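Quick note, the numbering used here runs 10 ahead of the 1-based positions in the sequence shown.
We put the CB at the ideal spot given by N, CA and C, even for glycine.
These numbers were taken from a predicted model, which means no experiment stands behind them.
Report on the structure given below.
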Amino acid sequence: MKEAINLLYKRRSIRKFTPQTVTEEQIETLLRAAMAAPMSNHKYLSELIVVTDRAMLDQLAETHRYTKMLKEATLCMIVCGEKANRAWEQDCAAATQNILLAATGLGLGSVWLGIHPNPDSVATVRGLLDIPDTYSPLCLIAIGYPAEYKDPSDRFDLARVHRGRW
Ligand SMILES: Cc1cc2nc3c(=O)[nH]c(=O)nc-3n(C[C@H](O)[C@H](O)[C@H](O)COP(=O)(O)O)c2cc1C
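Shown next, in the form of structure tokens:
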């Protein structure tokens, strides 16, 4: 149990990666983790796009100025939701967090790269990956073997906690 809690602190945004590739078994673990996330409605599971092709990773790296680390990452997962689902952003965010935590548990580095709600970023990713109009990408997740280390986070701040009422 303590290990699970420590994983939450251990997860940090990793933006430097080695060339070592992620295995298919690891990819499946990440997909299973995503699909284990809480969801607002059983009808609307998030859709996941898995990209390992170097040329496509390089193109995705140009989506905006903070996605450049995809030039080093060996895997990108794109979490998409059906826009007809009023809670698609929340569902995709929960799936994304599960992927980040599972990646950490596997000894991989990862970072959440925001796409929605920036219309230009959404259009770029939609165009590159043929995402249907009825769906939207929430984010890209850059994943790979870490080439940097970050200390576990400690952002606990009791001043932001309101007991009973604000
Ligand atoms: C909605 C969202 C969008 C983010 N977009 C980016 C991004 O485009 N590029 C990036 O390098 N990091 C991005 N991040 C990661 C944050 O910068 C990072 O989580 C934050 O600085 C805290 O650091 P930590 O993840 O190491 O704890 C994003 C995180 C969230 C939740």
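For a cut-off of 8 Å, the C-beta gap from Leu110 to Arg21 is around 6 Å, short enough to register as a contact. For His126, the number of other beta carbons within 10 angstroms of its own is at least 16, and it is reported as buried. Excluding its 5 nearest sequence neighbours in each direction, Asn128 has C-beta neighbours in its own chain below 8 Å: His74, listed in chain order.
When secondary structure is reduced to three states using DSSP, Ile37 falls in the helix class.
Within 10 angstroms of the beta-carbon of Leu150 lie 16 or more other beta-carbons, which makes it buried. Of the residues Leu139, Ser146 and Gly174, the one whose Cα lies closest to the Cα of Met66 is Leu139. Contact check for Ala83 against Phe27 passes: the beta carbons are separated by less than 7 Å. Straight across, the Cα-Cα distance linking Pro48 with Lys78 is about 30 Å. Contact between the stretch 107 to 122 and the stretch 154 to 161 is present, with at least three C-beta pairs closer than 8 Å.
Judged by DSSP secondary structure, Trp98 falls within the alpha helix (DSSP H) whose first and last residues are Trp98 to Gly115. Scanning Asn51, Gln36, Tyr54 and Ala103 for the CA closest to the CA of Val60 turns up Gln36. For Asn108, same chain residues with a beta-carbon under 7 Å away, outside a window of 5 residues either side, are Ala43, Ala44, Ala46 and Ala47 in chain order.
As the crow flies, the alpha-carbon of Asp68 is around 14 Å from that of Met87. Under DSSP, Glu57 shares a beta bridge with Cys90.
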